[in-house]
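Comments concern the structure below.
In our numbering, the protein residues as written are 61 to 427.
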């Protein structure tokens, strides 16, 4: 019995020890503790990463598309303004080549005087021709860059740099000529000068706004260099021009009667009589050389027959207004003709006046 008990106790004790050992599975507790930590720390991090990855591309894509749309609209604006400027300077170049008078809605004869002055050429090259080339280049660059096409084998960066330099030179030249206009031609108005200045300034502002602050800092050296070269070139070209002591600001011309030295022809007298009979008028100014040439064509007797209207009967000085009859007619320059209710600017030949007034050759009877 004792032997049995002594044997059974260790057995029971051993059994108890055996049963108590599996109750503490350390690996199980480790697994239970580690798994929740991994779920809590890994889940949110992965979700945040995915969220950032998903949210970043749309934002970047949106900004890229927005920048491209702004650049495209700016290029299109440059193309449109460049085309308009090309038409304006092309018209002025045509007038310069043919020697015709410009249509001047503002300023009357003063507009033509400015366009035909010594400041209307750079190193002997007509200024409108230079402007036509510049506006044409801007229009071409605007169209090609807007379509993202290669320009003369150049990339967009090089093309944009050329566009920026061209626009900067145009804006600088316009500012320079506005200064000349205000100092040398004070009191005069030149609608073409003002239009060109407005176009070039609009181009410059559009390019600067689209460049952005960082790109402006990169290109400011180029712009300063281009502006300096333009001013230096213009100063060199105009340094031989004598100071205009008789500029529009200093002019104070008392009225004087122009003297006609040519003799009238029978045809000129007959045409003058016909023009007077139908109520045709010739508008002019005593200081206008083209007006004198028109009178010389008719001769002494014929010019007296014409119904001539002097637009500055009290002389000319800064701020002087035209005569009321001339102002009502809304003249575009001197001389001007009013024939059959139509205002016609510029000198006219006998054949042109005869055709405009309905003067037939059979009406001419030499006396």
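Glycine is no exception: its CB is placed at the ideal position from the N, C-alpha and C atoms. All values reported here derive from a predicted model rather than from experimental measurement.
Please tell me whether residue 145 and residue 179 are closer than 8 Å, where the distance is taken between their beta carbons.
no
So the candidates are 320, 389 and 291; which of them puts its Cα closest to the Cα of residue 235?
291
Nearest-angstrom Cα separation, counted from residue 271 out to residue 278
10 Å
Tell me whether residue 383 sits in a helix, a strand or coil according to DSSP, three-state version.
coil
Applying the criterion that 16 or more other CB atoms from any shown protein chain within 10 Å of the CB defines a buried residue, is residue 408 buried or exposed?
buried
I need the DSSP call for residue 344, collapsed to helix, strand or coil.
strand
For residue 368, three-class secondary structure by DSSP:
strand
According to the neighbour-count rule (16 or more other Cβ atoms, all chains shown, within 10 Å of its Cβ), is residue 133 buried or exposed?
exposed
Please work out which residues of its chain come closer than 7 Å, Cβ to Cβ, to residue 332, disregarding the five sequence neighbours upstream and downstream, and give them in chain order.
358, 362, 365 and 366
So the beta strand (DSSP E) residue 396 belongs to, where does it begin and stop?
396-399
Buried or exposed (CB count within 10 angstroms, at least 16 for buried), residue 218:
exposed
Going by other Cβ atoms of all chains shown within 10 Å of its Cβ, with 16 needed for buried, is residue 273 buried or exposed?
exposed
Use the C-beta contact count for residue 202: other C-beta atoms within 10 angstroms, 16 or more gives buried, fewer gives exposed.
buried
Let me know the secondary structure DSSP gives residue 214 once reduced to three states.
strand
Exposed or buried, what is residue 405 when buried is set at 16 or more other beta-carbons lying within 10 Å of its beta-carbon?
buried
Please return the same chain residues whose Cβ sits closer than 8 Å to the Cβ of residue 410, not counting the five positions on each side in sequence.
327, 328, 331 and 357
Where residue 355 sits in the DSSP three-state scheme
helix
Does the distance from the CB of residue 150 to the CB of residue 256 come in under 8 Å?
no
Which whole-angstrom value is the C-beta distance of residue 355 and residue 399, which I expect to be below 8 Å?
The pair is not a contact, with the Cβ atoms about 17 Å apart (cut-off 8 Å).
So residue 324 is in the beta strand (DSSP E); what residue range does that whole segment cover?
Looking at the DSSP string, residue 324 is not in any beta strand (DSSP E), and its letter there is neither H nor E.
Could you check which residue in 206, 200, 163 and 156 has the C-alpha nearest to that of residue 186?
156
Between which residues of its own chain and residue 350 is the CB-CB distance below 7 Å, once the five residues before and five after are set aside?
394, 395 and 407
Proximity of residue 267 and residue 223 at Cβ, strictly below 8 Å:
yes
For residue 347, tell me which candidate among 360, 371 and 215 has the shortest Cα-Cα distance.
371
Check the DSSP bridge columns for residue 402 and list the partner residues they point to.
399
Kindly indicate which three-state DSSP category residue 376 falls into: helix, strand or coil?
strand
What is the rounded straight-line gap between the Cα of residue 262 and the Cα of residue 253?
14 Å
Three-state secondary structure assigned by DSSP to residue 188:
helix
State the beta-bridge partners of residue 312 as determined by DSSP.
377
Distance between residue 397 and residue 353 (C-alpha atoms, nearest Å)
14 Å
Which same chain residues, not among the five before or five after residue 360, have their C-beta less than 8 Å away from its C-beta?
320, 321, 322, 323 and 324
Pick from 251, 265 and 214 that is closest to residue 230, judged by C-alpha positions:
265
Reducing DSSP to helix, strand and coil, say where residue 249 ends up.
coil
Residue 313 and residue 376 closer than 8 Å at C-beta
yes
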